[in-house]
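Engineer: Before we start, here is the structure in question, set down as structure tokens.
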Amino acid sequence: MEMTLRWFGNGFDTVPLWKIRQIPGVTGVITTLYDKEPGEVWEAARIRAMKEEVEAAGLHVSGIESVNVHDAIKAGTPDRDLYIDRYIETLENLGKEDIHLVCYNFMPVFDWTRTELARVRPDGSTVMAYNQQAVDAIRPSEMFDAMQKDAGGARLAGWEPERLAHTRELFDMYRDVDNEKLFENLRYFLERIMPVCSEYDIRMAIHPDDPAWSVFGLPRIITNIGNLRRMMEMVDDPHNGVTFCAGSYGTNPENDLPEMIRALPGRIHFAHVRNLKFNSPDDFEEAAHLSSDGSFDLYEIMKALYDIGFDGPIRPDHGRMIWGEQAMPGYGLYDRALGAMYLSGLWEAIEKAGRE
Ligand code: CS2
Ligand code: MN
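Residues in the sequence shown are numbered from 1 upward in steps of one, following the numbering used here.
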């Protein structure tokens, strides 16, 4: 495995590359062109400039998170081919620059959903949290406004204001899309992009739906092992793989995380490893990575990754905000650096024990 950190790019991320470079063991970043809207082509020159910037800091680009998929593709509207053509052009441009991992998601309208961006914990740190009653009490458009307000000016990943200004139209697009239709639209998209992925050896890594159930009545399919199997079988190509995000699958306690990992050998191309703390079945908050701080056993998760021979990038995910840091919610430096060190420590111990 390679330990990495997510980096949103100069001008967007509060954390500069040189600080990431100083976290022991971190050799790469997972990055993006953050100003690109879903449906826009990523030009070769922009990709090259981004790569050169990362390399000048002594790191390398381990993968992209995310090249977002346009709603026309997810909803399967008549103009989807135009957007798939553009997606293919972007993949080609990435492949030519020697980038071989792309994380994306297939969630209608909203990306990850939280009801609080800064819940205060007993130690004074703040974390993102989710409460089902709070979601049930608001309308989708209010959700976006509330997130935006809490973010205090930061642009939230997957919550592009330009796109979400049209929440009602977006919901209309999905009026006739149920889970079956969404599966079908995903299959259509994957079948069209697989040739370019094979040509440039690009591993597509679908990110789970977060939380792993339907919100606001929208269809959601990347939620459990059964659906993952279905997705991989319907387009049976090793380039059609997954991002194993512990925090997202873990929102549903029925998902046994180590067991899921063991069921996916060769198909996990990227891992997000973090912890959640459940306060009740309807309420969880994002804990520190350490097992004892939350509800997951991070040792067992890392052990399962090790046992299946996982060799892709891992990154800590959504950190707490600690030590007075001001940053994009979930993406400060300090707690993610602690997370990276902890995960590297677990890996070293597992690896050495495995040799005995
Ligand atoms: C989330 C998502 O995993 C995460 O950190 O913040 O925004 C994720 O990056 C996307 O869903 C992947 O496309
Ligand atoms: Mn994730």
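All C-beta atoms, glycine included, are put in the ideal place defined by N, C-alpha and C.
What residues match up with L101 in a beta bridge as DSSP calls it?
Structural biologist: Beta-bridge pairing links L101 to R203.
Engineer: Under the criterion of a Cβ to heavy atom distance below 8 Å, does I66 qualify as lining the ligand CS2?
Structural biologist: The sequence given here has Ser at residue 66, not Ile. Yes, the Cβ of S66 comes within 8 Å of a heavy atom of the ligand CS2.
Engineer: Just how far apart, CA to CA, sit I47 and L33?
Structural biologist: Their Cα atoms are separated by approximately 8 Å.
Engineer: Name the one or two DSSP bridge partners that R6 has.
Structural biologist: Partner(s): I30.
Engineer: Is it buried or exposed, W112, if we count other Cβ atoms within 10 angstroms and call 16 or more buried?
Structural biologist: Its Cβ being crowded by 16 or more others within 10 Å, W112 is buried.
Engineer: I'd like to check one pair, V242 with E268: are the Cβ atoms closer than 9 Å?
Structural biologist: According to the sequence shown, residue 268 is Ile rather than Glu. Yes, the Cβ-Cβ distance between I268 and V242 is below 9 Å.
Engineer: N279 by DSSP, collapsed to three states: which one?
Structural biologist: Strand at N279.
Engineer: Can we count D111 as close to the ligand CS2, meaning its CB is less than 8 Å from some heavy atom?
Structural biologist: Yes - the ligand CS2 has a heavy atom lying nearer than 8 Å to the Cβ of D111.
Engineer: Can you list every residue whose CB sits closer than 7 Å to some heavy atom of the ligand MN, going in chain order?
Structural biologist: Working through the chain, the matches are H207, D210, T243, C245, G247, S248, H272, D317.
Engineer: How many Å lie between T77 and M302 at the Cα?
Structural biologist: Whole-angstrom Cα-Cα distance: 40 Å.
Engineer: So is the beta-carbon of G354 under 8 Å away from any non-hydrogen atom of the ligand GDP?
Structural biologist: Of the ligands one can find in the structure shown, namely the ligand CS2 and the ligand MN, none is the ligand GDP.
Engineer: CB of A340 to nearest heavy atom of the ligand CS2: below 8 Å?
Structural biologist: No, the Cβ of A340 stays beyond 8 Å of every heavy atom of the ligand CS2.
Engineer: Would you be able to state if there are at least three C-beta pairs under 8 Å between the region 82–101 and the region 117–130?
Structural biologist: Touching, no, given that fewer than three Cβ pairs across the two stretches are closer than 8 Å.
Engineer: Per DSSP, what kind of secondary structure is T90 in: helix, strand or coil?
Structural biologist: Helix, per DSSP.
Engineer: Label G266 either buried or exposed according to how many other C-beta atoms from any shown protein chain fall within 10 Å of its C-beta, with 16 as the threshold for buried.
Structural biologist: So G266 ends up on the exposed side.
Engineer: If you scan the region 239–313 from start to end, which runs of the alpha helix (DSSP H) of 4 or more residues do you find wholly inside it?
Structural biologist: Whole alpha helix (DSSP H) segments, 4+ residues: 246–249, 257–262, 298–307.
Engineer: Below 8 Å on the Cβ atoms is my contact criterion, and I expect K74 with V61 to pass it. Report the Cβ-Cβ distance as a whole number of Å.
Structural biologist: With a Cβ gap of about 26 Å, K74 and V61 do not count as contacting.
Engineer: Check each candidate in M3, R274, I322 and name the one with the smallest Cα separation from S295.
Structural biologist: Taking only the C-alpha atoms, the option nearest S295 is R274.
Engineer: Using the Cα positions of I314 and R6, report the straight-line distance between them to the nearest angstrom.
Structural biologist: So the two alpha carbons sit approximately 10 Å from each other.
Engineer: Is the number of C-beta pairs between the region 153–161 and the region 325–342 that are closer than 8 Å three or more?
Structural biologist: Because the criterion of three Cβ pairs below 8 Å is met, the region 153–161 and the region 325–342 touch.
Engineer: Beta-carbon separation of R230 and F183 under 9 Å?
Structural biologist: The answer is yes: Cβ separation under 9 Å.
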